[in-house]
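Everything on this sheet refers to the single structure shown next.
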Amino acid sequence: MQQTKKNVTISWSGGKDATFALHKLLATGEYNVVHLHTVVGATTRRVGLHGVREELIDQQAACLDIPLHKLYLPEAPDHGAYETLMQDFYRECTATGIEAVVFGDIFLEDLRAYREAMLGAAGLKGIYPLWAISSEKLLNDFLTAGYKTVLCSANASWFMPGRLGVTVDHSFAASLPAGVDCCGENGEFHTLVYDGPLFKTPLSFWAGEVVKRSYTFQKVTASGEPEPSSLDFWFRDLVPL
Numbered sequence: 001m002q003q004t005k006k007n008v009t010i011s012w013s014g015g016k017d018a019t020f021a022l023h024k025l026l027a028t029g030e031y032n033v034v035h036l037h038t039v040v041g042a043t044t045r046r047v048g049l050h051g052v053r054e055e056l057i058d059q060q061a062a063c064l065d066i067p068l069h070k071l072y073l074p075e076a077p078d079h080g081a082y083e084t085l086m087q088d089f090y091r092e093c094t095a096t097g098i099e100a101v102v103f104g105d106i107f108l109e110d111l112r113a114y115r116e117a118m119l120g121a122a123g124l125k126g127i128y129p130l131w132a133i134s135s136e137k138l139l140n141d142f143l144t145a146g147y148k149t150v151l152c153s154a155n156a157s158w159f160m161p162g163r164l165g166v167t168v169d170h171s172f173a174a175s176l177p178a179g180v181d182c183c184g185e186n187g188e189f190h191t192l193v194y195d196g197p198l199f200k201t202p203l204s205f206w207a208g209e210v211v212k213r214s215y216t217f218q219k220v221t222a223s224g225e226p227e228p229s230s231l232d233f234w235f236r237d238l239v240p241l
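With the UniProt record's numbering applied, the sequence shown covers 1 to 241.
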């Protein structure tokens, strides 16, 4: 008797890890991908720290022939708006027969625990196709599979602006500064996938200007005290054609 496939949704940023998680998931033949879901800034119409335009995520979904569910996040001074948005979405998933959410996380235990707590509250499971695979192997396997991805944003502490917009290749890992994960798992950089075996056609875009943006936030010191901090990021504006 044929086993019923589990209904899932993919947490989608447009980057290489989400794409390769989808690739590995589909290869099992055990899941039905109901849709991709992407959090888009309600004001910016871009995807978080990727800085990718909403239209390019639309293009990706069309090229992959998978429905896209967009979640519009209003500007807010704290993380509460994001959590409310996701909790509402997860409840909607449960109500429509989705059983699990797929993530491209690799090794961040605290992030996985955070996701599991939110999913559990809605009766959902988390699936992590890339979990505990070395970043070096993942990047090599991703590129060997035939995917093409471009650097769309990067931490200014480690990257010069001239690197934004370049296509990631097999020499990329060796060119990174010491301490930078070659998959950017610690948030060092982000990518946009524009072609590969799951794509019917490549994305159509051109590389526009590079801009720097600064972010301020509170971090917790070793003594447990909050401390103001800031982060500078480069963004390459990838413009749909």
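Using N, Cα and C, we set each Cβ at its ideal position, and we do this for glycine too.
For tyrosine 194, the secondary structure class from DSSP, reduced to helix, strand or coil, is strand. If you look at serine 135, you'll find it in the alpha helix (DSSP H) that goes 135 to 144. With respect to the 8 Å criterion, serine 204 and aspartate 232 are not classified as neighbours on the basis of their beta carbons. Listed in chain order, the alpha helix (DSSP H) elements of length 4 or more contained wholly in the region 2 to 33 are 16 to 28. For isoleucine 127, the three-state secondary structure derived from DSSP is strand. Residue state for glycine 120 is assigned as helix, using DSSP reduced to three classes. DSSP, reduced to helix, strand and coil, places leucine 108 outside both helices and strands of the structure shown, so it counts as coil. Listed in chain order, the non-local C-beta contacts of isoleucine 127 below 6 Å within the same chain comprise Ala100 and Val102, local neighbours out to five positions each way being set aside. Shown here, aspartate 88 sits in a helix according to DSSP, grouped into three states. Lysine 70 is bridged by DSSP to Thr38. Of the other Cβ atoms in all chains shown, fewer than 16 fall within 10 Å of the Cβ of threonine 84; this residue is therefore exposed. With contact defined as three or more Cβ pairs closer than 8 Å, the region 132 to 147 and the region 164 to 179 are in contact. Under the 10 Å beta carbon count, valine 239 is surrounded by fewer than 16 other beta carbons and is classified as exposed.
Check the Cα spacing between alanine 18 and each of Lys5, Ala178 and Val193: the tightest is with Val193.
Burial is judged here by how many other beta carbons sit within 10 angstroms of a residue's own beta carbon; glutamine 60 has at least 16 and is buried. For the pair leucine 108 and glutamate 185, the Cα-to-Cα distance works out to about 8 Å.
Residue environment analysis places tyrosine 147 among the buried positions, since at least 16 neighbouring C-beta atoms fall within 10 angstroms of its C-beta. Ranked by how close their Cα comes to the Cα of valine 166, the residues Ser230, Phe189 and Ile66 have Phe189 in first place.
Excluding five sequence positions before and after leucine 25, the CB atoms of its chain that fall closer than 6 Å to its own CB belong to Tyr31, Val102 and Pro129, given in chain order. In the three-state reduction of the DSSP assignment, proline 228 falls in the strand class. In the DSSP secondary-structure assignment, leucine 151 is bridged to Thr191.
CA-to-CA, the gap between cysteine 63 and threonine 28 works out to about 21 Å.
Checking the DSSP bridge columns, you'll see threonine 167 partnered with Val150.
A check of alpha carbon separations from phenylalanine 199 across Ser11, Phe20 and Glu54 identifies Phe20 as the nearest. Taking the CA atoms as reference points, tyrosine 72 sits about 16 Å from arginine 91. According to the DSSP secondary-structure assignment, proline 240 is paired through a beta bridge with Phe205.
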